[in-house]
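Below is one structure; the comments refer to it alone.
Residue numbers (this note's numbering): 77 to 432.
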């Protein structure tokens with residue numbers, strides 16, 4: 077029955093040409109011409125890197141200068157936990173900050189009792205003129221309590237007096253002497269790569285002026301840097317045992333200065349005295365009477381990430397004391413230079429700083 081119905085249906089529509097299996101229908105397809113563009117990439121240049129993996133360094137951000145009004149600055153939190161935005165940032169005594177850092181580096185915590193303690197100073201680089209600012213300051217500070225933090229510096233001393241030679245032996249100078257040392261520089265046996273500083277006693281300064289072509293300008297004995305001074309013993313102590321510091325500007329009128337002033341396992345009294353010496357030395361670069369040169373400080377002790385603000389007010393010297401000390405030291409040094417080496421002249425003495 078089914079077969080009969082299919083045959084009838086096929087016979088009724090058999091005249092339709094589009095359903096005949098012998099006819100093939102080819103659909104028309106439209107193609108779009110696409111132009112292929114070859115784009116060449118800019119060759120990449122690899123950044124210079126060492127062969128070995130480099131050490132990751134933490135980047136410290138500069139806090140913005142915030143000026144509080146009188147009412148907000150007087151706010152003090154009562155509870156042990158408070159909202160930071162509701163109160164001004166607190167400054168703590170140095171003794172308290174050192175104690176907190178000692179607790180963090182204990183064997184049960186970070187186990188790093190030999191970590192260095194760093195001071196991060198904020199400096200005011202303004203002067204009496206609104207458009208003139210102090211350039212980055214650099215120098216050496218001699219801490220009353222010495223600590224090892226880097227390899228010993230090589231220092232060359234030009235001298236001929238027995239007391240100066242004895243002082244060089246006591247402090248362990250790299251090279252010292254008179255005729256033989258001058259000949260080594262003349263022959264080129266000693267270059268700038270062999271030493272960090274070149275010092276000179278005033279009585280032999282005129283005899284080494286012809287070595288200016290052998291010694292770089294930055295390392296040649298210069299009274300402005302304190303590398304020419306009548307107190308040879310104190311000069312050697314400063315350049316061999318002193319710690320170098322240099323400020324970095326983040327604004328025209330603001331700069332920061334970071335330096336280690338001790339090891340966390342040192343007695344607290346020694347750390348405080350070293351901190352006092354650092355503040356006094358950096359304050360000698362002040363060129364304004366408007367306010368203190370050091371405006372703020374924070375202390376941190378890696379590998380701990382904690383950093384606390386320290387109240388530096390008790391450590392700041394007055395502007396009058398700084399100026400008076402500069403003038404007094406300058407006069408004393410000038411008198412000693414004239415007495416030991418009158419042939420140097422007054423023009424050079426005008427630029428002679430004090431060695432502190």
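We put the CB at the ideal spot given by N, CA and C, even for glycine.
To the nearest angstrom, report how far apart residue i and residue j are at their CA atoms.
{"i": "residue 310", "j": "residue 374", "result": "30 Å"}
{"i": "residue 135", "j": "residue 180", "result": "Unreliable placement is indicated for residue 135, whose pLDDT of 44 sits below 50; the coordinate value is still reported in the next sentence. Going from the Cα of residue 135 to the Cα of residue 180 covers about 21 Å."}
{"i": "residue 250", "j": "residue 377", "result": "33 Å"}
{"i": "residue 227", "j": "residue 317", "result": "11 Å"}
{"i": "residue 197", "j": "residue 385", "result": "10 Å"}
{"i": "residue 382", "j": "residue 312", "result": "36 Å"}
{"i": "residue 302", "j": "residue 189", "result": "35 Å"}
{"i": "residue 252", "j": "residue 391", "result": "38 Å"}
{"i": "residue 321", "j": "residue 332", "result": "11 Å"}
{"i": "residue 223", "j": "residue 147", "result": "44 Å"}
{"i": "residue 284", "j": "residue 293", "result": "13 Å"}
{"i": "residue 389", "j": "residue 214", "result": "22 Å"}
{"i": "residue 182", "j": "residue 326", "result": "35 Å"}
{"i": "residue 166", "j": "residue 342", "result": "26 Å"}
{"i": "residue 174", "j": "residue 351", "result": "11 Å"}
{"i": "residue 162", "j": "residue 387", "result": "20 Å"}
{"i": "residue 184", "j": "residue 153", "result": "31 Å"}
{"i": "residue 74", "j": "residue 295", "result": "Given that the chain is displayed from residue 77 to residue 432, the structure contains no residue 74 and the question cannot be resolved."}
{"i": "residue 129", "j": "residue 244", "result": "The pLDDT assigned to residue 129 is 49, lower than 50, so where the model puts this residue is not dependable; a value taken from the coordinates is nonetheless given after this. Answer to the nearest angstrom: the Cα atoms are 42 Å apart."}
{"i": "residue 216", "j": "residue 246", "result": "20 Å"}
{"i": "residue 186", "j": "residue 225", "result": "20 Å"}
{"i": "residue 137", "j": "residue 204", "result": "Because the pLDDT at residue 137 is just 49, under 50, the model does not fix this residue reliably, and the point stays unresolved."}
{"i": "residue 238", "j": "residue 164", "result": "59 Å"}
Would you mind sorting residue i into buried or exposed? The rule is 16 or more other CB atoms within 10 Å of its CB.
{"i": "residue 200", "result": "buried"}
{"i": "residue 336", "result": "buried"}
{"i": "residue 338", "result": "buried"}
{"i": "residue 155", "result": "exposed"}
{"i": "residue 248", "result": "exposed"}
{"i": "residue 367", "result": "exposed"}
{"i": "residue 274", "result": "buried"}
{"i": "residue 150", "result": "exposed"}
{"i": "residue 131", "result": "Here the model assigns residue 131 a pLDDT of 49, short of 50, so the residue's position is not dependable, and the following value carries that caveat. Exposed is the call here."}
{"i": "residue 297", "result": "buried"}
{"i": "residue 372", "result": "buried"}
{"i": "residue 191", "result": "buried"}
{"i": "residue 319", "result": "buried"}
{"i": "residue 160", "result": "exposed"}
{"i": "residue 431", "result": "Caution applies to residue 431, whose pLDDT of 44 falls short of 50 and renders its modelled position unreliable; the value that the coordinates give is listed next. When all chains shown are included, residue 431 counts as buried."}
{"i": "residue 206", "result": "exposed"}
{"i": "residue 286", "result": "exposed"}
Thinking C-beta only, is residue j closer than 7 Å to residue i?
{"i": "residue 202", "j": "residue 314", "result": "no"}
{"i": "residue 359", "j": "residue 212", "result": "no"}
{"i": "residue 240", "j": "residue 277", "result": "yes"}
{"i": "residue 158", "j": "residue 334", "result": "no"}
{"i": "residue 299", "j": "residue 356", "result": "no"}
{"i": "residue 380", "j": "residue 369", "result": "no"}
{"i": "residue 329", "j": "residue 209", "result": "yes"}
Quick one: measure Cβ to Cβ for residue i and residue j, integer angstroms, because I've assumed they're closer than 8 Å.
{"i": "residue 340", "j": "residue 221", "result": "Wrong, their Cβ atoms sit about 13 Å apart, outside the cutoff."}
{"i": "residue 280", "j": "residue 236", "result": "6 Å"}
{"i": "residue 290", "j": "residue 261", "result": "5 Å"}
* the segment 168-186 in contact with the segment 347-360 per 3-pair CB rule at 8 Å -> yes
* Answer yes if the segment 251-264 comes into contact with the segment 292-311, meaning at least three C-beta pairs across the two stretches below 8 Å, and no otherwise. => no
* Asked: Between the segment 218-235 and the segment 262-280, do three or more beta carbon pairs fall short of 8 Å?
  -> yes
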